[in-house]
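Those protein sequences? They're chains A and R, same order as listed. Under my numbering, residues 1 to 291 are what the first sequence spells out, in order. Under my numbering, residues 1 to 220 are what the second sequence spells out, in order. Positions of the beta carbon are idealized from the N, C-alpha and C atoms, including for glycine. Written below as structure tokens is the structure these notes are about.
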Amino acid sequence: MTFSYSFKSAFKSLCREKWINLLSILTVASSLLIITLTAFFLYNIEIIANSLPERFSIVAYLKDDLSSEETQAVIDTIKRRADIAGLKYISKEDAIKELQHTLKDTGYILEGLTENPLSSSIEIKLKKDFVTPSSAKHVAGEIKKTAGIDEVYYGEKIADAIHLLRRSMQNMSVIIFLTISSGVIFVTYSTVKILFYRRKQEIEIIKLLGATKGFLRMPFLIEGGSIGFFGGLIGIIGAMLFYLAVTYRLSMVIPMLKTLLFPFEILVVLPLIGIMFGIIGSLIAIGRLKL
Amino acid sequence: MIIFQNVSKYYDNQTVLKNITFTVQKGEITFITGPSGAGKSTLLKLMYLAESPDEGDIVIGDFHLASLKEAQIPYLRRSVGVVFQDFKLINSITVFDNVALSLRIRGVKEREIRDIVSNALKKVHIRHLSDSYPTSLSGGEQQRVVIARAIAAEPLVILADEPTGNLDPNTSIDIIRVLRELNAQGATILIATHNRELFRGTGNRVLKLDGGNIVGEEAG
């Protein structure tokens with residue numbers, strides 16, 4: 001019953017102080033929209049970054065004088081490694097064919113060759129977690145030590161780029177999330193504090209009638225949570241409008257934008273994040289007030 | 001029911017109440033009288049801890065106020081129904097909700113609240129004003145609402161601080177009659193007033209307060 005009173009009281013206050021509440025809701029909505037858009041961009045960058053390790057490979061060139069049994073032994077040794085996602089053996093013949101295919105119209109360059117100058121090789125794909133500059137270097141070094149391997153090549157710069165992109169993304173998302181979260185919490189904190197002072201006389205009366213601190217605080221917690229919830233709902237509408245604008249309108253001009261994906265899960269979570277921030281803001285506000 | 005033991009209260013080195021000692025029995029109606037500034041309101045405020053005593057102890061039912069923890073204060077206040085001189089009604093809610101508030105604080109179920117509030121308003125003869133807002137009521141009607149709120153949760157004690165202070169003589173008599181009816185039903189009541197007409201000829205116990213001291217006791 002106390003809950004029902006608290007909900008009614010909070011709802012009445014939301015309606016009575018509609019302008020200040022509306023302003024707070026819109027501020028929270030804008031902040032949550034920024035979080036959503038950040039998540040949207042990071043989500044798409046993450047997809048791109050995730051696809052990069054699939055393209056990353058280590059190429060191990062085999063010595064020319066290996067028999068087929070020795071070649072198979074090298075392949076088996078490398079296959080047994082825990083950090084390897086897969087490998088592909090490319091024979092000398094396959095390598096020259098691929099080069100001819102790549103050169104296409106300029107294939108005549110190869111016409112003067114009397115023998116195939118290319119080596120057999122093994123193209124090695126690492127597991128996603130091992131595509132870091134240090135892991136790739138370590139794995140390449142160990143493979144090079146394998147008997148029958150002549151030379152190892154790996155895209156050091158690609159591994160560096162992937163790693164840097166990942167780290168920057170993580171840091172950026174943490175900074176944006178913390179900044180915006182603090183903003184949202186501050187908005188609800190200030191709103192609840194103002195609402196408290198506007199109802200101070202009423203609160204004094206309720207205190208004299210025997211209300212506990214919990215009874216006095218509950219409507220403010222609900223009100224703070226509601227501000228966050230409605231902010232989240234409006235944030236969803238804003239995010240959807242943005243997504244539709246990007247995929248339907250802007251993609252007519254920039255077709256690449258059509259491939260962007262939207263993390264729809266965040267739309268469900270957004271009001272919950274709003275409620276959480278609202279309640280935290282309210283808790284700080286009423287925790288600091290003398291009841 | 002109510003025990004004051006050598007209670008003193010000071011404001012900025014000024015003595016407001018000095019060594020107050022008295023007892024009120026269960027079911028008794030007692031008047032505290034004295035001129036303005038005698039300490040009547042302060043004495044009542046000490047009983048629901050709107051003010052804290054500087055010396056001595058007050059016992060109300062099972063509550064020993066000198067050793068009462070902060071978390072227990074709301075429960076003390078629930079056992080004391082106060083009729084405030086300045087009403088302390090919430091103007092943004094109806095008469096019904098003002099009276100119901102003291103019950104909602106106690107966690108009483110809504111279904112029961114309807115009946116209890118209705119009965120409380122009936123006792124003070126304003127059931128027809130249930131849906132009105134305090135600002136649309138006369139002073140006497142507002143005072144009845146305050147009494148209804150004080151009695152609704154059936155407290156151990158009802159404290160009335162100048163309950164007729166803002167009212168005309170006829171309305172004052174009405175209000176006192178209501179308080180007497182409640183006392184007849186078993187309520188313990190303590191009324192602070194400077195209006196001697198309220199207890200003259202009633203035979204009720206009257207404590208005379210002056211300069212922060214109890215200077216006498218008589219039958220009204």
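Where the alpha helix (DSSP H) containing A152 of chain R begins and where it ends: G139 to A152
Contact under 8 Å by Cβ, F84 of chain R with V145 of chain R: no
Buried or exposed (CB count within 10 angstroms, at least 16 for buried), R77 of chain R: buried
Assigned exposure category for V99 of chain R - 16 Cβ within 10 Å defines buried: buried
Residue nearest to R205 of chain R in terms of C-alpha spacing, selected from R:E218, R:A66, R:E197 and R:R177: R:E218
Residues of the segment 158 to 189 of chain A with Cβ closer than 8 Å to any Cβ of chain R, in chain order: none
Own chain partners of G278 of chain A with C-beta closer than 6 Å, once the 5 adjacent residues on each side are dropped: T188, G224, G225, I227 and G228
Neighbour list for L190 of chain R in chain A, Cβ cutoff strictly below 8 Å: Within chain A, no residue comes near L190 of chain R; the closest Cβ sits about 16 Å away, beyond 8 Å.
Contact with chain A by K40 of chain R, beta-carbon distance below 8 Å: no
Segment contact flag, the segment 66 to 80 of chain R with the segment 210 to 218 of chain A, C-beta cutoff 8 Å, min 3 pairs: yes
Where the segment 199 to 211 of chain A meets chain R: residues whose CB sits under 9 Å from a CB there: Q201, E202, E204, I205, I206, K207, L208, L209, G210 and A211
Partners in chain R for F215 of chain A, counting only beta-carbon separations shorter than 7 Å: I105
S91 of chain A versus L37 of chain A: straight-line alpha-carbon distance, rounded: 48 Å
A82 of chain A, buried or exposed, once every other Cβ within 10 Å from all chains shown has been counted against 16: exposed
Closest Cα partner of D210 of chain R within the set R:K45, R:T33 and R:Y11: R:T33
Cβ of Y10 of chain R within 8 Å of any chain A Cβ: no
Rounded separation between I194 of chain A and L257 of chain A - CA only: 44 Å
C-beta atoms of G212 of chain R and K18 of chain R nearer than 8 Å: yes
Spatially closest choice to S41 of chain R from R:I191, R:L198, R:F199 and R:E197, by CA coordinates: R:I191
I234 of chain A vs L26 of chain A beta-carbon contact at 8 Å: yes
Run of the beta strand (DSSP E) containing V152 of chain A, from where it starts to where it stops: I149 to Y154
First and last residue of the uninterrupted beta strand (DSSP E) at V206 of chain R: R205 to D210
Residues near I45 of chain A in its chain [Cβ-Cβ closer than 8 Å; skip 5 each side]: L165 and M169
Distance between N13 of chain R and L198 of chain R (C-alpha atoms, nearest Å): 34 Å
Burial state of E110 of chain R (16 or more Cβ within 10 Å): exposed
DSSP bridge partner residues for E60 of chain A (one or two, in chain order): Inspection of the sequence shows that residue 60 of chain A is occupied by Ala rather than by Glu. Answer by DSSP bridge pairing, in chain order: A:I122 and A:V152.
Anticipated Cβ contact below 8 Å, I124 of chain A with L87 of chain A, distance rounded: 5 Å
Reduced DSSP secondary structure (H/G/I, E/B, other) of H138 of chain A: helix
Contacts of F50 of chain R in chain A (Cβ-Cβ under 7 Å): The amino acid at residue 50 of chain R is misidentified as Phe; the sequence shows Ala. Near A50 of chain R (Cβ distances below 7 Å), the residues of chain A are L208.
Interface flag, I151 of chain R vs chain A, CB-CB below 8 Å: no
Bridge partner(s) assigned by DSSP for E218 of chain R: R:V206
Cross-chain neighbours of S138 of chain R in chain A, by beta carbon under 8 Å: Within chain A, no residue comes near S138 of chain R; the closest Cβ sits about 20 Å away, beyond 8 Å.
Neighbourhood of E141 of chain R by C-beta distance below 7 Å, restricted to the same chain and skipping five residues each side: I126 and L129
Range covered by the beta strand (DSSP E) that runs through S68 of chain A: That residue, S68 of chain A, is in no beta strand (DSSP E); its alpha helix (DSSP H) goes S68 to K79.
Nonlocal neighbours in the same chain, by C-beta distance under 7 Å from D174 of chain R, ignoring five residues either side: G140
Own chain partners of I149 of chain A with C-beta closer than 8 Å, once the 5 adjacent residues on each side are dropped: A60, Y61, L62, K63, V74 and I143
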